[in-house]
Structures are given as C-alpha cells and as structure tokens.
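Student:
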Amino acid sequence: MYVRTRSPFLAIAATTEDGPCTTYVGPDGAGHFVKMVHNGIEYGDMQLIAEAYDILRRVAGMEASEMADTFARWNEGLLNSYLVEITSEILRVRDEETGRPLVDLILDKAGQKGTGKWTAQVALDFGIPIPTINAAIEARFMSALKEERVEASKKLGWQSTAKSDLEREALIATVHDALYASKICSYAQGFNLIRAGSEEYGWNVDLSEMARIWKGGCIIRARFLDSIKAAFTRDPGLRNLLLDADFSTWMEKGNANWRAAIHVAHRQGVPVPAMQASLAYFDAYRTESLPQNLTQAQRDYFGAHTYERTDKPGQGAVHTDWDGLARK
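Numbering-wise (the working numbering), the sequence shown opens with residue -10 and increments by one.
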C-alpha cells in the first residue's frame, strides 16, 4: 500500500537534509501507535519547558522579554527545537489592550485531547516506565483544579525566604542543563515504548528512522533527534538511549547542574514534577540494587506471592513464613 501511495506522500511531506519526513512504519496500526507516542513525548517536552520557564520567572525573577532572549539563545544550541523556538516567540508578544506580556494573561489551565492519556495507558499495559510523560499528564490534571488551587494558596500558601546561592547566569545554566537532561530521559522513555509495541505486535519499527522523520514537520522536531538517529544507527538493538556513549557522556557532564536546578526549585516551592520524574528515572535506571527487594518481601509476607533469592539464582520462586519466623 505504501509503495503505491509513496509519491503523493513524498510530495507533501516536510523535508530536511535527511530527506522527506515520511516512511513506512510497519503493518496494522504501527503508524498510529508511533504517532500516539510522539504526542506523549510532546506532552513531556511541553511540561519540561514550562517548568524551566517557571524557575526562570519565579526564582531568577526574569521578565518575559528576558526569558524570550534566553530561550532564543538556547534555541541556537543543544535545545534547538520547534517548541523552544515558539516559546521564545510567545514570550515576546504583548497584549494590545494592556501592553502586558500576553502569556501573563492566559489562564493557567492546560487542556488535552487524549493522546497523552492513551500513551500512559499503553505503557502501563506493557510495563514500560514513562514517568516524565506521566508527570506531564498529571500536571495538566492539576492545572485544571484552578479554583481549588486558588483556595489552597490562601490556606497553604508558603513563600520561601531561602535565596538561591547561584548567580543569575549560573542559575540559567543549571536550568538549561536540567531541561536537556530531562528531555533525554523523556525521549528514552518514549522510544522504549515504541520498541515494546513493535516487539509485541511484530511491527519491526526502525527507531532510527522514527527519529529521522520527526526532524521536520512535527511538533517535537529538534536538532537532538540527529543524535537519537545516530545512536540507533550505531546500535539498532540499543535498549535505552541512556546507554549510548554520547548520551551517557553528556548526562555525566550535566548531572550536577540538573540536580542543582531541581534543588533550587524545591527550596523555593516551585513544582517541577517532570524534571524530578526524569531525574528519578535516571537514578533508578543506573542503580544496580533497588529497594524492591523489600517490596517483594512485603508481598510475600501478606500474600504469599513468593520471591527469588540472589544467592540461589537457579532455585526459582520460594515462600517464607515471615510471621512465624519473626515471632520466634
């Protein structure tokens, strides 16, 4: 089917230096699945940018025009993307009636049409962790509670007196690195979900090719998709972008600033759910021994769900009479 209709698609597709941004994704619903995950990644991207904006305005005390310049500068480097570009443009627009930045007059309730939710539902079905995308979805849910938040701000409002020990330019640099590192984690989660769908349904989706076609004509088009394309070209079986040499090297470099930005936000009471979800994902993924050994012990205690022993890998599942042993 794609072979017969390829010419019209090529004619209308966005084009980059890598060619037209169209390809055969796979049989059945492969294309729809990939588009759904694209939109889930988009949710994560938008929330991460919103959190960066929030730190800059509430911690650094930057005006809209200053933030516009900052996002424009970021758009010339690692963070080059359509969403960062339009963020800069949005922050420059003044309301014709009041002269104030128009973004300041927009009600802070973000809508959604369902593709983010579908992404989260499928990820739960497949057992693929996508905490950054989930955090972005929940942030929109939270934003919808406007009336409750207004009331809560009166009863629970708290203004930190703690001052950031970072100079403004240093703070801006930490936010830049936190945004990029979090973005890497968000895309890693999305590509892992595409792989899971491909393996489940036998689609044989080319992840390198997905990165290529997203480089133009879509909302998440960004320069760093070149790096993702290169990573999956070098190793088509790459299990996670964080394991790619180039990405892992950068994550090591940006790690301190990433944590510093989140620390500053927490001290000032600025919510950064997607950034901290990305950091938790990164820390969990690189941790050899997670505390779920205790979780499994609890499950075995109250429900006889069994567990496996690390010192007897071939033994299989076992159960312990925890209550009986504890009372001895």
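Even for Gly, the Cβ is constructed at its ideal location relative to N, Cα and C.
#1: The alpha helix (DSSP H) with A245 in it runs from where to where?
#2: Is V194 helix, strand or coil by DSSP?
#3: Roughly how many whole angstroms lie between the Cα atoms of P118 and G186?
#4: Between which two residues does the alpha helix (DSSP H) holding F130 run?
#5: If you follow the alpha helix (DSSP H) that N69 is in, where does it begin and where does it stop?
#6: Does N282 pass the burial test, meaning 16 or more other C-beta atoms within 10 Å, or should it be called exposed?
#7: Could you tell me if T59 is buried or exposed, where buried requires 16 or more neighbouring beta carbons within 10 angstroms of its beta carbon?
#8: Taking one C-beta from the segment 81 to 88 and one from the segment 208 to 227 each time, how about it: are there three or more such pairs within less than 8 Å?
#9: Within this structure, are the beta carbons of K106 and I122 separated by less than 8 Å?
#10: Using the Cα positions of H21 and G88, report the straight-line distance between them to the nearest angstrom.
#11: Taking buried to mean at least 16 other C-beta atoms within 10 Å of its own C-beta, is L279 buried or exposed?
#12: So what does G100 bridge to, in DSSP terms?
#13: Pick helix, strand or coil for V261, following the three-state DSSP scheme.
#14: State the DSSP-derived secondary structure class of T222, mapped to helix, strand or coil.
Tutor: So, to answer that:
#1: Here residue 245 refers to the residue found at position 256 when the sequence shown is read from its first residue. Looking at the DSSP string, the run of the alpha helix (DSSP H) that includes A245 is 234 to 256.
#2: Within the sequence shown, residue 194 is the residue found at index 205, counting from 1. Here V194 sits in coil by DSSP.
#3: Taking the first residue of the sequence shown as position 1, residue 118 is located at position 129. Taking the first residue of the sequence shown as position 1, residue 186 is located at position 197. Cα to Cα, the separation comes out at about 13 Å.
#4: Counted from its first residue, the sequence shown places residue 130 at position 141. Looking at the DSSP string, the run of the alpha helix (DSSP H) that includes F130 is 120 to 132.
#5: Your numbering for residue 69 matches position 80 in the sequence shown. Segment: none, N69 is in no alpha helix (DSSP H) and carries neither H nor E.
#6: Indexing the sequence shown from 1 puts residue 282 at position 293. Classification for N282: exposed.
#7: Counting from one through the sequence shown, the residue named residue 59 turns up at place 70. By the Cβ neighbour-count rule, T59 is buried, with 16 or more other Cβ atoms within 10 Å of its own.
#8: no
#9: Counting from 1 along the sequence shown, the entry for residue 106 is found at position 117. Counting from 1 along the sequence shown, the entry for residue 122 is found at position 133. For K106 and I122, no; Cβs fall outside 8 Å.
#10: As a position in the sequence shown, residue 21 is number 32, starting the count at 1. As a position in the sequence shown, residue 88 is number 99, starting the count at 1. So the two alpha carbons sit approximately 43 Å from each other.
#11: Locating residue 279 in the sequence shown gives position 290, where the first residue counts as 1. Answer is exposed; the Cβ neighbour count stays below 16.
#12: The residue you call residue 100 lines up with position 111 of the sequence shown. According to DSSP, G100 bridges with nothing at all.
#13: Mapped onto the sequence shown, residue 261 falls at position 272. It is coil, neither helix nor strand.
#14: For the purposes of this step, residue 222 is taken as residue 233 along the sequence shown, with counting starting at 1. Three-state DSSP puts T222 in a helix.
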